Structure formats: structure tokens, C-alpha cells
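Inspection log for the structure reproduced underneath, given as C-alpha cells.
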Amino acid sequence: SFSMTYITIPIAAKTADSAGQQITKAAHAGAEILELRLDSLPQLNAENVSRLVAFAKATELGVIATCRDNAEGGTGDWPQDVRTRMLCEAIQAGADYVDCELANYYDPAVREPIDKSLAGKPSCRLILSCHNFEGTFTDLTALYKEMADQGGRVIPKLAYTAKHINDCFPAIDLLRTKDRDAIVICMGEAGYITRVLAKRFGSYLTFACLDEQCSTAPGQVSIDELKNLYRWDSIGPNTRLFGVIGSPIAHSMSPPMFNAIFEHKNLDCLYLLLRVDGEMPEFAEFMDNITDRERVGLIDFGGFSVTLPHKAHAVDYAEEKGEYLEPLAATIGAVNTLKVGVNGRVSGFNTDYAGALDAITSTLGIERHGLHGKKVAVVGAGGVGRAVVAGLADVGAKIVIYNRTIQKAKDLAGEFHCKYAGLDELTDMDAEIIVNCTSIGMHPDVDSSPVPRECIKQGMVVFDTIYNPLETKILQYAREAGAKTVSGAEMFVRQAMKQFKIYFGEEPPEQIMRKAVSERLGGEF
Ligand code: SKM
Numbered sequence: 069s070f071s072m073t074y075i076t077i078p079i080a081a082k083t084a085d086s087a088g089q090q091i092t093k094a095a096h097a098g099a100e101i102l103e104l105r106l107d108s109l110p111q112l113n114a115e116n117v118s119r120l121v122a123f124a125k126a127t128e129l130g131v132i133a134t135c136r137d138n139a140e141g142g143t144g145d146w147p148q149d150v151r152t153r154m155l156c157e158a159i160q161a162g163a164d165y166v167d168c169e170l171a172n173y174y175d176p177a178v179r180e181p182i183d184k185s186l187a188g189k190p191s192c193r194l195i196l197s198c199h200n201f202e203g204t205f206t207d208l209t210a211l212y213k214e215m216a217d218q219g220g221r222v223i224p225k226l227a228y229t230a231k232h233i234n235d236c237f238p239a240i241d242l243l244r245t246k247d248r249d250a251i252v253i254c255m256g257e258a259g260y261i262t263r264v265l266a267k268r269f270g271s272y273l274t275f276a277c278l279d280e281q282c283s284t285a286p287g288q289v290s291i292d293e294l295k296n297l298y299r300w301d302s303i304g305p306n307t308r309l310f311g312v313i314g315s316p317i318a319h320s321m322s323p324p325m326f327n328a329i330f331e332h333k334n335l336d337c338l339y340l341l342l343r344v345d346g347e348m349p350e351f352a353e354f355m356d357n358i359t360d361r362e363r364v365g366l367i368d369f370g371g372f373s374v375t376l377p378h379k380a381h382a383v384d385y386a387e388e389k390g391e392y393l394e395p396l397a398a399t400i401g402a403v404n405t406l407k408v409g410v411n412g413r414v415s416g417f418n419t420d421y422a423g424a425l426d427a428i429t430s431t432l433g434i435e436r437h438g439l440h441g442k443k444v445a446v447v448g449a450g451g452v453g454r455a456v457v458a459g460l461a462d463v464g465a466k467i468v469i470y471n472r473t474i475q476k477a478k479d480l481a482g483e484f485h486c487k488y489a490g491l492d493e494l495t496d497m498d499a500e501i502i503v504n505c506t507s508i509g510m511h512p513d514v515d516s517s518p519v520p521r522e523c524i525k526q527g528m529v530v531f532d533t534i535y536n537p538l539e540t541k542i543l544q545y546a547r548e549a550g551a552k553t554v555s556g557a558e559m560f561v562r563q564a565m566k567q568f569k570i571y572f573g574e575e576p577p578e579q580i581m582r583k584a585v586s587e588r589l590g591g592e593f
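In this text, residue positions in the sequence shown follow my numbering: the first is 69, and each later residue adds one.
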């Protein structure tokens with residue numbers, strides 16, 4: 069069995085005062101280990117090092133001392149003999165761990181004094197580290213073994229840059245198969261899952277920063293995010309994983325919303341941002357990595373939300389390698405929900421169209437069949453428009469599709485047997501419900517409306533699929549005209565409610581989801 073996973077905050081301060089402040093802040097924030105980056109001290113000498121170690125030890129947190137070589141990301145450009153002496157000094161001063169680069173440890177002029185100092189301090193452990201800022205290591209496992217061969221008290225530390233999320237899998241595999249305490253971390257934004265999942269996969273520690281300014285390496289997550297968004301204290305070795313796949317994805321409200329559900333229902337689950345850059349090949353590689361027979365049950369993803377640009381890729385994936393594809397998702401050409409079965413094979417669904425229908429029917433207080441024969445103007449013929457039209461056509465609404473490029477409106481209308489027109493014909497519109505599926509009015513374009521004010525009449529329902537801002541220009545016009553309004557946040561919550569039902573087979577806690585989204589968007593909807 070392995071040790072727990074410690075949240076470690078690097079202290080890389082330029083002055084002794086600021087180091088002291090950072091240490092105090094880190095202790096308050098909930099750090100469990102402090103990593104003293106001695107190389108960042110402006111005056112590196114024995115006295116400063118022992119004072120800093122003593123100050124850090126007084127917090128009763130674990131203390132790592134390292135004097136990072138510039139070749140592996142350090143600063144200061146200190147000569148090797150100075151760095152070695154400072155590590156020995158830190159050992160004497162009572163550091164719990166010293167971290168020395170494996171490459172340097174091979175040098176007897178480094179190894180011998182360090183080993184000698186360690187011999188006098190049996191409780192101090194040696195972290196042997198190797199950093200690659202350029203990319204992955206050619207043979208991660210061999211490097212790990214080389215480190216482990218250096219003795220029983222060694223904790224191997226391997227940190228490499230992930231340029232793509234798919235580069236994280238070797239690190240995760242090493243953590244799963246390691247035979248001793250080890251630190252394996254992917255740097256870079258694409259490596260973020262290895263930091264957040266360090267506890268799930270049993271890395272000895274994960275590095276977090278106090279805030280973005282204090283980050284000592286790219287991709288470091290703040291301790292506040294780890295604890296409050298990523299449920300650090302609740303994560304265990306069996307936590308089931310979920311996530312939203314897309315690129316860009318930082319804006320997604322799915323993680324705070326699903327993690328709020330997990331918290332509320334006390335589920336041993338965690339929901340992540342999964343930025344999968346690229347197109348079908350990268351998406352398929354990611355899915356293959358997750359659903360790999362060797363890894364299923366070990367990595368244990370339960371399901372995914374899928375957003376741009378991967379919704380069509382998810383259709384193809386479910387078709388080629390999955391076990392089920394919802395027929396309407398195939399018709400729409402977009403899967404936004406993947407559920408991973410016990411066999412590791414995925415099923416694909418679309419909950420966007422249902423989310424849109426539910427947003428409208430709940431506002432009108434009717435059932436879906438109540439939409440039969442209703443006159444609906446759908447503005448926009450892109451991806452969202454397709455899902456909305458497919459859903460409305462399925463329940464027999466009378467649809468007119470309006471689009472700037474008339475050919476696109478015509479093609480979509482032809483597929484779903486409805487009418488179409490250009491945006492200039494909106495003034496002749498005869499509709500009970502208007503749905504905006506364009507991005508007109510989305511932040512920062514907040515003063516534009518896809519539909520002129522005079523087209524909106526009292527008693528209509530106006531639904532904007534945009535949720536940022538909560539009240540777009542068209543919704544403002546609608547409110548002022550006495551029409552009923554539906555925000556994109558309503559659709560967002562409802563598509564996610566369907567996802568929860570698909571993942572867990574039970575009803576979702578709607579109010580908790582609304583609250584999480586409201587908090588994020590800064591208003592009720
Ligand atoms: O269809 C949804 C998807 O399920 C999640 C999402 C998000 O998290 O931003 C947006 C929509 O594409």
C-alpha cells in the first residue's frame with residue numbers, strides 16, 4: 069500500500085520576507101507539504117537555508133528542499149557544488165525530503181555528500197527527479213526503475229510536459245503499476261488531469277499554487293480549485309470519473325454543476341474538464357485510451373459530455389466502436405453524451421434537442437405533444453439549429469428556418485421537411501415561438517439581436533440558446549414586448565439533467581444544478 073497524496077505548494081520567493089508570507093499563506097490554504105525552491109533565493113548561503121527550513125518546519129507541514137538546476141527549470145544558475153552544499157544544509161536543518169536531479173546524483177561529487185548527510189538523518193527521504201519541459205520521456209518506466217534502483221528511501225519523481233491530453237496516459241499507467249511511492253506529474257495545460265487526479269491514481273504528491281501569480285510551472289492548479297471545484301478531500305482510489313470533452317473548454321459550466329451534484333448526493337465521483345485538441349484522430353485516440361481493455365475499471369470513466377468540435381466525432385466513434393447510438397443523435401449528426409459501459413464500450417446520445425424541447429415545454433407548462441402543430445421560427449441553421457429543428461420536427465411542430473446563408477437553411481429544411489427563409493424575411497414572420505440558434509447576441513456582441521424588435525409580439529415565447537449573458541438583447545426585447553422568455557441556461561441545465569439520468573439512471577437534483585449555474589452566471593434564470 070502507498071502513502072496518501074499530499075498537496076504540495078512550491079515556495080519560490082525572491083526574498084526571505086516573501087518566502088515567510090507564502091509559507092504562512094500555504095499553511096492556511098491547506099497545504100500538506102511545502103517545497104522550498106532554494107534556487108530562487110537571492111542570497112544562497114547556509115544560514116539563509118537553515119533559517120528558511122526552520123521557519124517552514126514550524127508550520128508542522130512536510131518540508132521538501134530542492135535547489136533546482138537551471139537545466140531542469142531552476143533559476144539562479146548556482147554552481148553544482150553550491151547546490152549540493154545547500155541540500156546537505158537543508159538535510160541538517162531537518163527537511164523531511166531533499167529533491168536532487170537524477171542526472172546530477174550520478175556524479176559522486178553530488179551523491180557522496182548527500183548520502184553522507186542522509187545517513188545522519190534517517191527520517192529524511194530522497195526524491196530523485198527528472199524534468200522534461202520539451203515533451204514526453206522516451207522510456208518513462210525505465211527511468212522510474214533507474215531511480216528506484218538507487219535505494220529504498222528514494223521517491224522517484226518524473227515530470228514531463230504533455231503537449232496533448234493523450235500524452236498523460238503513460239504517466240497514469242506508471243502510477244497504476246508503480247511498486248513504491250512515486251511522483252508522476254505532467255506539466256503544461258494539457259497535463260492538468262494528472263495534477264487533479266494525483267490522488268485518484270496515487271501519486272505521492274501533487275503540486276498546487278496559491279493563486280495563478282504564484283504558479284511555478286505551467287498547468288499548475290490552485291489549491292482553492294483543487295479543494296473546492298475538484299473535491300480533493302472526497303477523492304479516493306475508486307472515485308468514478310466523468311468529464312466534458314471539447315476544445316476550447318475552459319468556459320464550460322459542466323464541471324462546477326456536476327461536481328455540485330456529486331457533493332450534494334455524496335457520490336464518490338469527480339467531473340473534469342477534458343480539453344482534447346484536434347479533430348477525429350485525436351478524439352478517437354483519447355477515447356481508445358480511456359476505453360482500453362487494460363485500463364477499463366482502473367481508470368474508470370463513467371461518461372462524458374461532448375461539446376465543440378467533437379460532437380460529430382462522437383457520432384462516428386459510437387457508430388464504429390460503440391455498442392449503441394441513439395437514432396435521433398445519428399440523424400442530428402451530433403452526440404453530446406457518451407456513457408461508458410462495463411465492457412468499456414460507449415453508447416452515444418444527444419440530450420441537446422431534449423434540453424431545448426424541455427426548456428420550451430416547461431415554460432409553457434405543456435407536455436411535448438403540446439408542441440404538435442405549433443408555429444416555430446428557428447433562427448440559425450448551424451449545429452445548435454440542427455438539434456433544435458430535429459427535436460421540434462420529431463414532435464410535429466410547424467417550423468420555418470431562417471438563416472443568413474439561405475442554402476444552409478434550405479438544406480436543413482429539406483432534411484426535416486420544414487420551410488425556410490432568409491433573415492430579411494423575419495419581418496413577415498408568423499410564429500408563436502422564436503428560437504435563436506445563432507451566436508448573435510453572445511458575449512461580447514451583447515447589443516445585437518438576431519431578430520428585430522418589432523417582430524416580437526406579446527404572448528410569444530422567445531427562447532435564446534445562448535446563456536452568456538443570461539438576458540441577451542433578443543430576450544430583453546421579448547420581456548419588454550410582454551413575451552415569455554427562456555434563457556440558454558435553461559437548456560443547458562436541462563440537457564445536463566438528461567445526461568445525469570443517462571449516467572446514473574436516476575432523477576437529478578434540479579435545484580442544485582440551477583444554483584450552480586446561477587452562481588456561475590451571476591443571476592437567476
Ligand atoms: O451539449 C452540451 C454539453 O453536454 C456540455 C456543454 C458544456 O459543458 O459547455 C455544452 C453543450 O455543448
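Every residue gets a Cβ at the ideal spot worked out from N, C-alpha and C, and that includes glycine. All values derive from a computational prediction rather than experimental measurement.
Integer Cβ distance of GLY370 from VAL408, believed to fall under 8 Å: Your numbering for residue 370 matches position 302 in the sequence shown. Your numbering for residue 408 matches position 340 in the sequence shown. Confirmed, Cβ separation roughly 6 Å.
Burial state of LEU366 (16 or more Cβ within 10 Å): For the purposes of this step, residue 366 is taken as the residue at position 298 of the sequence shown. Result: exposed.
Beta-carbon proximity of GLY443 to ASP498, cut-off 8 Å: Here residue 443 corresponds to residue number 375 of the sequence shown, with the count starting at 1. Here residue 498 corresponds to residue number 430 of the sequence shown, with the count starting at 1. Residue identity differs from the one stated: residue 443 is Lys in this sequence, not Gly. Result yes, Cβ atoms of LYS443 and ASP498 sit closer than 8 Å.
Rounded straight-line distance, which links the Cα of CYS523 to that of MET510: To locate residue 510, count along the sequence shown from 1; it is residue 442. To locate residue 523, count along the sequence shown from 1; it is residue 455. Roughly 20 Å separates the two Cα atoms.
Among ALA95, LEU170, ASN357, THR359, nearest to GLY130 - alpha-carbon criterion: Position 62 of the sequence shown, counted from the start, is the residue given in the question as residue 130. Nearest C-alpha to GLY130: ALA95.
Proximity test, SER320 beta-carbon vs ligand 1 heavy atom, cut-off 7 Å: Residue 320 sits at position 252 when you count from the first residue of the sequence shown. Under cutoff, so the answer is yes.
Backbone secondary structure at ILE434 - three-state DSSP: Residue numbering aside, residue 434 sits at position 366 when the sequence shown is read from its first letter. Reduced to three states, the DSSP call for ILE434 is coil.
The segment 467–478 touching the segment 404–423, judged by at least three CB pairs closer than 8 Å: no
Closest by C-alpha distance to GLY591, when choosing among PRO537, TYR545, GLY550: Taking the sequence shown and counting its residues from 1, one reaches residue 591 at position 523. For the residues PRO537, TYR545, GLY550, the minimum Cα distance to GLY591 belongs to PRO537.
CA-to-CA distance, CYS198 to LEU616, given in whole angstroms: As shown, the chain starts at 69 and ends at 593. That puts residue 616 outside it, with no answer to give.
Contact test: ASP420 Cβ vs ligand 1 heavy atom, cutoff 7 Å: Here the question's residue 420 lines up with position 352 in the sequence shown. Yes; taking the cut-off as 7 Å, the Cβ of ASP420 has a heavy atom of ligand 1 nearer than that.
contact_flag[the segment 501–521, the segment 564–571] where n(CB pairs < 8 Å) is 3 or more: no
Identity of the residues DSSP links to TYR228 by a beta bridge: Taking the sequence shown and counting its residues from 1, one reaches residue 228 at position 160. Paired residues: ASN200, CYS254.
Other residues of its chain near GLY144: CB distance less than 6 Å, five sequence neighbours each side excluded: Translated into the one-based positions of the sequence shown, residue 144 becomes position 76. Correct list, in chain order: ASP107.
Three-state class that DSSP yields for VAL561 in the structure shown: The sequence position of residue 561 within the sequence shown is 493, counting from 1. Helix, per DSSP.
DSSP beta-bridge partners of GLU103: Position 35 of the sequence shown holds residue 103. Answer by DSSP bridge pairing, in chain order: PRO78, ILE132.
SER373 CB to nearest heavy atom of ligand 1 below 7 Å: Position 305 of the sequence shown, counted from the first residue, corresponds to residue 373. Under cutoff, so the answer is yes.
Helix, strand or coil at LEU406 according to DSSP, with G and I counted as helix: The residue labelled residue 406 in the question sits at position 338 within the sequence shown. Looking at LEU406 - three-state DSSP - the assignment turns out to be strand.
Cβ-heavy atom distance, ASN327 to ligand 1, below 7 Å: Residue numbering aside, residue 327 sits at position 259 when the sequence shown is read from its first letter. For ligand 1, not one heavy atom lies less than 7 Å from the Cβ of ASN327.
Residues that TYR571 bridges to, as DSSP identifies them: Here the question's residue 571 lines up with position 503 in the sequence shown. Answer is none; TYR571 lacks a bridge partner.
Length at least 4, wholly inside the segment 307–375: the alpha helix (DSSP H) runs in chain order: 322–332, 348–359
Buried or exposed (CB count within 10 angstroms, at least 16 for buried), LYS184: The residue labelled residue 184 in the question sits at position 116 within the sequence shown. It is exposed - the Cβ of LYS184 has fewer than 16 other Cβ atoms within 10 Å.
C-beta atoms of GLU133 and VAL166 nearer than 8 Å: As a working mapping, residue 133 is identified with position 65 in the sequence shown. As a working mapping, residue 166 is identified with position 98 in the sequence shown. Reading off the sequence shown, one finds Ala at residue 133, where the question assumed Glu. Yes, Cβ-Cβ distance for ALA133 and VAL166 is below 8 Å.
Enclosing alpha helix (DSSP H) for ILE170 [first to last residue]: For this step, residue 170 is matched to residue 102 along the sequence shown. Note that residue 170 corresponds to Leu in the displayed sequence, not to Ile. Its alpha helix (DSSP H) spans residues 170–173.
CB contact flag (CYS135, ARG119, <8 Å): On the sequence shown, position 67 is the one that residue 135 refers to. On the sequence shown, position 51 is the one that residue 119 refers to. No, they are not a contact pair.
Sequence-distant residues of its chain with Cβ nearer than 7 Å to HIS437 (five each side left out): Against the sequence shown, residue 437 aligns to sequence position 369. The answer, listed in chain order, is VAL463.
Spatial distance of GLN579 from ALA230 (CA atoms): Along the sequence shown, read from residue 1 onward, the residue named residue 579 stands at position 511. Along the sequence shown, read from residue 1 onward, the residue named residue 230 stands at position 162. Going from the Cα of GLN579 to the Cα of ALA230 covers about 38 Å.
Extent of the continuous alpha helix (DSSP H) to which VAL463 belongs: Here residue 463 corresponds to residue number 395 of the sequence shown, with the count starting at 1. Segment: none, VAL463 is in no alpha helix (DSSP H) and carries neither H nor E.
Cβ-heavy atom distance, ASN536 to ligand 1, below 7 Å: In the sequence shown, the residue the question calls residue 536 occupies position 468. Not so, every heavy atom of ligand 1 lies at least 7 Å from the Cβ.
For LEU265 and GLU347, the rounded distance between their alpha carbons: As a working note, residue 347 is residue 279 in the sequence shown. As a working note, residue 265 is residue 197 in the sequence shown. Approximately 25 Å, taken between the alpha carbons.
Distance, PHE330 Cα to ASN471 Cα: Here residue 471 refers to the residue found at position 403 of the sequence shown. Here residue 330 refers to the residue found at position 262 of the sequence shown. Roughly 40 Å separates the two Cα atoms.
Inter-stretch contact (C-beta, 8 Å, three-pair minimum) for the segment 172–180 and the segment 199–208: no
Beta-carbon proximity list for PHE354, same chain, < 8 Å, skipping 5 on both sides: Position 286 of the sequence shown, counting from 1, holds the residue named residue 354. Correct list, in chain order: ILE233, ASN234, ILE313, LEU342, VAL344.
ASN626 beta carbon near ligand 1 (any heavy atom closer than 7 Å): A question about residue 626 goes unanswered here, because the residues of the chain that appear run from 69 up to 593.
Residues of its chain near VAL222, where Cβ-Cβ distance is below 7 Å and the 5 sequence neighbours each way are ignored: As a first step, residue 222 is located in the sequence shown; it is residue number 154 there, counting from the start. LEU194, LEU196, MET215, ALA216, listed in sequence order.
Local Cβ density within 10 Å of ASP532, reported as buried at 16 or more and exposed below that: Within the sequence shown, residue 532 is the residue found at index 464, counting from 1. It is buried - the Cβ of ASP532 has at least 16 other Cβ atoms within 10 Å.
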